[in-house]
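Scroll down for the structure; my scribbles are underneath it.
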Amino acid sequence: MFWKALAVLRNSFLDKSSQKGSNEKNAGRKLILEYIFREIDDVPGLKVNGENINNLRYADDTVLLAESENDLHNLVTIIEEKSEPYGLMMNTKKTKVMVISKTEPPKVNIKMKEKCIEQIEQFKYLGQLITTDARSDDEIKSRITITKSAFTKLSHILTSKRVGLLTRLE
Numbered sequence: 002m003f004w005k006a007l008a009v010l011r012n013s014f015l016d017k018s019s020q021k022g023s024n025e026k027n028a029g030r031k032l033i034l035e036y037i038f039r040e041i042d043d044v045p046g047l048k049v050n051g052e053n054i055n056n057l058r059y060a061d062d063t064v065l066l067a068e069s070e071n072d073l074h075n076l077v078t079i080i081e082e083k084s085e086p087y088g089l090m091m092n093t094k095k096t097k098v099m100v101i102s103k104t105e106p107p108k109v110n111i112k113m114k115e116k117c118i119e120q121i122e123q124f125k126y127l128g129q130l131i132t133t134d135a136r137s138d139d140e141i142k143s144r145i146t147i148t149k150s151a152f153t154k155l156s157h158i159l160t161s162k163r164v165g166l167l168t169r170l171e
């Protein structure tokens, strides 16, 4: 069966001593996380053109990638273990799991600190809607709706005979 598992982490790494911190503390946390993610490069993830990719990171968002439930559980466990000595923990409330599949996605049981991670059917990452079927239908519909709304707001200008064609095209 074809399926890919994702764990979506949104601003999920917290300092155990406090949830809010200074810019210096946040910079230190990011540096530690960079070190941890470099250490786990060889942990199985997805194979893309022969390369192993087990995470995608941008700002405070992290997506963990794995080809099976077992690999994803292993990846989450390793990151938890490597974060612990630095006083960092993954926020179970902000972490979600999604399975991408050509058929009905199986239910998975991924746990962090003995708490089951919620399984979701879609999420937005870097402005792109990702769904369990990996299709873009919902994203396309959303963008069409946004475009129609923008056109409606400007329609009085775009269709006005008082405004010259060159002005309307700019």
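For the sequence shown, the working numbering assigns the number 2 to the initial residue and increments by one for each residue that follows. Just so you know, even glycine gets a beta-carbon here, dropped at the ideal spot from N, CA and C. In this text, all values refer to a predicted model and were calculated from it rather than measured experimentally.
**Item:** Beta-carbon separation (whole angstroms), Ile41 vs Asn55, contact threshold 8 Å
**Value:** The pair is a contact, with the Cβ atoms about 7 Å apart (cut-off 8 Å).
**Message:** On the criterion of 16 or more Cβ atoms from any shown chain inside 10 Å, does Ile147 qualify as buried, or is it exposed?
**Reply:** The C-beta of Ile147 has fewer than 16 other C-beta atoms within 10 Å across all chains shown, which makes the residue exposed.
**Prompt:** Where does Val77 sit, in a helix, a strand or coil, going by DSSP?
**Reply:** Helix at Val77.
**Asked** Buried or exposed: where does Ser156 fall if 16 or more other Cβ atoms within 10 Å of its Cβ makes it buried?
**Response** With fewer than 16 other Cβ atoms within 10 Å, it is exposed.
**Prompt:** Hey, Glu115 and Lys97: beta-carbon distance below 8 Å or not?
**Reply:** Result no, Cβ atoms of Glu115 and Lys97 do not sit closer than 8 Å.
**Message:** Quick check on Pro86: buried or exposed, where buried means 16 or more other Cβ atoms within 10 Å of its Cβ?
**Reply:** Pro86 should be labelled exposed.
**Message:** Considering only their Cβ atoms, is the gap separating Ala135 from Ile101 smaller than 8 Å?
**Reply:** Result yes, Cβ atoms of Ile101 and Ala135 sit closer than 8 Å.
**Message:** The alpha helix (DSSP H) that contains Ala67, what's its start and end?
**Reply:** Unbroken run through Ala67 is the beta strand (DSSP E), Asp62 to Ala67; no alpha helix (DSSP H).
**Prompt:** Considering only residues of the same chain and omitting the five flanking positions on each side of Leu127, which have a CB-CB separation below 7 Å?
**Reply:** The residues are Tyr59.
**Message:** Nearest by alpha-carbon distance to Thr78: which of Pro45, Ser161 and Pro106 is it?
**Reply:** Among Pro45, Ser161 and Pro106, the Cα nearest to that of Thr78 is on Pro45.
**Prompt:** Using the beta-carbon count (16 or more within 10 Å), is Ser150 buried or exposed?
**Reply:** Classification of Ser150: exposed, given that the 10 Å Cβ count is below 16.
**Item:** Local Cβ density within 10 Å of Thr133, reported as buried at 16 or more and exposed below that
**Value:** Thr133 comes out buried.
**Request:** Let me know the secondary structure DSSP gives Asn53 once reduced to three states.
**Result:** DSSP places Asn53 in strand when its eight states are reduced to three.
**Prompt:** Could you give the residue range of the alpha helix (DSSP H) that holds Ser156?
**Reply:** Looking at the DSSP string, the run of the alpha helix (DSSP H) that includes Ser156 is Asp138 to Leu159.
**Request:** Look at Met99 and Ile121 and say whether their C-beta atoms are less than 8 Å apart.
**Result:** A contact, by the Cβ cut-off of 8 Å.
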